[in-house]
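Protein chains: 2
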Amino acid sequence: MATIYDVAKRAGVSPKTVSRVLNKDAPVSAKTRDAVAQAMDTLGYVPSHAARSMKSNKSGLIGLITGAISSADEISVAAGLPDLLIVQGAQSVIERSNKTLLISDTGGRLDNVPDLVRTFQEHRVEGILYVADFHKPLELTLPATQAVPTVLVNCFDQHGTPAVVPDDEGGQYTLTKSVLDAGHRRIAYLTLAPGQEATRLRLQGFRRALSDAGIPFDPSLVRATDLFGTPGEHELISDALDTFFAGDAPPTVICCGNDRLAMAVYGILRRRGIAVPEDVSVVGYDDHRLISETLYPALTTAELPYGAMGARAAQVLLDLLSGTAPPDETIIVRGDVKHRGSLVTPATTHPGAVD
Amino acid sequence: MATIYDVAKRAGVSPKTVSRVLNKDAPVSAKTRDAVAQAMDTLGYVPSHAARSMKSNKSGLIGLITGAISSADEISVAAGLPDLLIVQGAQSVIERSNKTLLISDTGGRLDNVPDLVRTFQEHRVEGILYVADFHKPLELTLPATQAVPTVLVNCFDQHGTPAVVPDDEGGQYTLTKSVLDAGHRRIAYLTLAPGQEATRLRLQGFRRALSDAGIPFDPSLVRATDLFGTPGEHELISDALDTFFAGDAPPTVICCGNDRLAMAVYGILRRRGIAVPEDVSVVGYDDHRLISETLYPALTTAELPYGAMGARAAQVLLDLLSGTAPPDETIIVRGDVKHRGSLVTPATTHPGAVD
DNA sequence: CGGTGTCATGACATCGATGTCATAAGGCTA
DNA sequence: TAGCCTTATGACATCGATGTCATGACACCG
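Protein chains in written order, with the working numbering: chain A, 7 to 361; chain B, 7 to 361.
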């Protein structure tokens, strides 16, 4: 690979002059500039990042740690929206700042993280984004990174590390409010697995919406049915639906913990001759577009704003690096409710329903 | 950040001795080694990749170009299996070779590629993987990369660049053979969009399987219905199914160009009271597990072996770098047929069917 | 016409690690 | 015991780019 010395020799100038042409940081006569440009061109010269970053002590690199890549078809996809969208959001922001994103994958094993961080340090990354596959407390102590600014995404810790998380409570609140506004009063809710951050927060939002509307919370209409796509899940959902519809005041809408569950619910309902949305409305969560837009009718769902979270986190990190941002803050990102065909008002479809 | 000089000073030795401890490439007395290790530890010393790669003229980096990240929720997901799985496969292999993968995203715009390649060259990547989002001819001429070995994945060019592609013909052949073996004779086929490599090759495989079984190809049972998830698609599929079932010899199985189409077909069939698989079997293509495993009944489908392709491509690249592999070769990767509940033999479910 | 800028350029040192060569202290062989 | 090898260590140059300082050539001012 050609070096700046090769270019200099070929153009008959000193390396420093070539450097000046490259960086446009000092006047160079037009003639010299052309000669240098010509030499760079014929030699296919590209400056060495290693040499530059050594001299400048700046790497221009941002490290991102994720399990998104290695787990793309495993639990995390089964569990919900691919966290890859977070990576995408971050990428788009970092790219525009003309830094380079170094993406490392945990391969699903957290004990890999220290190695990844070490590799990042070897590359002298200027900041680190740590992306979790779903909203949760940070599961490990990140190795002390000698003051490498770090931003957590989709997770949070106890030490005030800047974090960007989704507004699970508010999302479910707004979604439930849409359901209520459509006229529903008997609302079933198939939640995600117990113990998860999202499960807890969304249930809070759900109850707050009910309470705001003056509707009592009915525990018999709530069941946790998320088994991350493992075999027993289908039966679990079937059972829950059976129970819901066995009562004398069956629900007019099924809220699902995520779009994948909603997809399963579509199948089960249709198999029993219950039409969506004519007989019962269905809403999801995540706005996993592959599902929400392909299902028929298309799915009304709350957006889990992964892309926006990634972008926001990247921006926070860049701000930290430039000293523009306050260091310790947790940012909660809201998502929209996506209104589609699966949610209709029960009145129009159950004209004779007892009220 | 601490340097090797800082460590040397603290340990009371020369930098070169620290280097020897780091690389274990020359004998160092136990006492000195301990002192150095201690110093590295207290200072949190991590060697600089930039300085190392400058001296050794080796970067240990592999560049990967993809649109997978930026397009994760756009056309390419709508079109089929996320090409991110290719990235995952490559990542796992590269990681094991203790090189570092530098992933760059095109942001969906091909005119970004030259910039990405330039960035790669600045980092002196030792090889490049170019990943396409679906099987297609390479759409651009990669910038002359001064002998940086390159492997194409999911695409191919005319110049004998090493490439790794899926076995579309063989995959559809084997899948169709499974369908025939199950006893089906009237086989409908909703193909992907015309003009695509996959469409052409899979139709070839489909026809070869029919012909091997001595069944005449019936064009009235074949329709292109893939609009990449755009609005008109649902009607297009409905129409196709209407036409199929209007004839006097309706199909007993619907082969779908991908799993997403199969998902749409499930919905449409059920809406019309046609049960899957009791009344009609359905098979897909891709093995997009989020779909194939969540649908009920689970979907029989041909695996699009993206993970294996990525891994294979990475291995080929590493072999090229070590001089182990022949430089020019196109590798065709086979996928399995995944047998699940959506394909059953028509005889058991149509006991009264003519013939 | 000498002094003072500005422009255009180059020599040299430097960033952090490591390859090359030198050196000193022992231990072993002949 | 001289000669030689091995072990343990350091001095110095080097990788490629760039910051600092110096220099020569003009142009302009008084």
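Yeah, the Cβ is synthetic: ideal placement off N, Cα and C, and Gly gets one too.
Think of a sphere of 7 Å around the beta carbon of A/Q127: the chain B residues whose beta carbon falls inside it are V52, in chain order.
Look at the segment 283-302 of chain A: the residues with a C-beta under 7 Å from a C-beta of chain B are R295, L296, E299, T300, L301 and Y302.
Its Cα nearest to that of A/G211, the residue A/T182 stands out among A/A188, A/T48 and A/T182.
By the C-beta criterion, the segment 196-215 of chain B is judged to be in contact with the segment 249-263 of chain B, since at least 3 inter-stretch pairs fall below 8 Å. Sequence-distant Cβ neighbours of A/V52 in its own chain, meaning closer than 6 Å and more than five residues away, do not exist here.
Taking the CA atoms as reference points, B/L305 sits about 24 Å from A/L196. Beyond the five residues adjoining it in sequence on each side, A/A219 comes within less than 6 Å, by CB distance, of L186 in the same chain, given in chain order. For B/G69, the enclosing beta strand (DSSP E) begins and ends at L67 to T72. The C-alpha of B/T72 is placed about 16 Å away from the C-alpha of B/V131.
In the displayed model, B/D232 falls within coil according to three-state DSSP, outside both helix and strand. In the three-state scheme derived from DSSP, where H, G and I count as helix and E and B as strand, B/G18 is classed as coil.
Here B/V286 is actually not in contact with B/L349; their C-beta atoms are around 10 Å apart, not less than 8 Å.
B/T38 has a beta carbon lying at 9 Å or more from every beta carbon in chain A. C-alpha of B/G50 to C-alpha of A/L122: approximately 16 Å in a straight line. Within chain A, the residues A56 and M60 have their CB atoms less than 8 Å from the CB of B/A57, given in chain order. Below 8 Å, too few C-beta pairs join the segment 244-257 of chain B and the segment 271-287 of chain A to call them touching: fewer than three. Three or more Cβ pairs drawn from the segment 302-319 of chain B and the segment 153-171 of chain B lie within less than 8 Å of each other, which places the two stretches in contact. Neighbours of B/M269 in chain A, taken as residues at a C-beta separation under 7 Å, are given in chain order as T300. Counting along the chain, the unbroken alpha helix (DSSP H) around B/A252 starts and ends at E239 to A252. The C-alpha of A/P256 lies about 19 Å from the C-alpha of A/S184.
Around the beta carbon of B/K37, fewer than 16 other beta carbons sit within 10 angstroms, so the residue counts as exposed. Per the DSSP secondary-structure output, A/D292 pairs in a beta bridge with A/E309. When DSSP reads this structure, B/S110 sits in a beta bridge with B/I71. In this structure, DSSP gives B/S287 an extended state, which the three-state scheme calls strand.
Against A/L305, chain B offers no close residue; the least beta-carbon distance is about 11 Å (beta-carbon pairs closer than 8 Å).
Annotation note: the segment 331-357 of chain A contains the following uninterrupted alpha helix (DSSP H) runs of length 4 or greater, listed N- to C-terminal: 352-355. Residue contact check for A/G176 against chain B: no CB pair falls below 9 Å.
Under the 9 Å criterion on CB atoms, A/T231 is classed as non-interfacial with respect to chain B. Just so you know, the alpha carbons of B/E203 and B/Y302 end up roughly 30 Å apart. Judged by beta-carbon spacing, A/L326 lies beyond the 9 Å limit of A/I68, meaning their Cβ atoms are not closer than that value. Chain-order list of chain A residues neighbouring B/M315: empty, with the shortest C-beta distance near 14 Å, by a criterion of under 7 Å.
Rounded to whole angstroms, the gap between the alpha carbons of B/S65 and B/P149 is 20 Å. Within chain B, T125 have C-beta atoms less than 7 Å from the C-beta of A/T106, given in sequence order. Residue contact with chain A for B/I274: present (Cβ-Cβ distance below 9 Å to some residue of chain A). Of all residues in the segment 233-254 of chain A, only G235 and H240 place a beta-carbon less than 8 Å from a beta-carbon of chain B. None of the residues of the segment 335-351 of chain A has a beta carbon lying less than 8 Å from any beta carbon of chain B.
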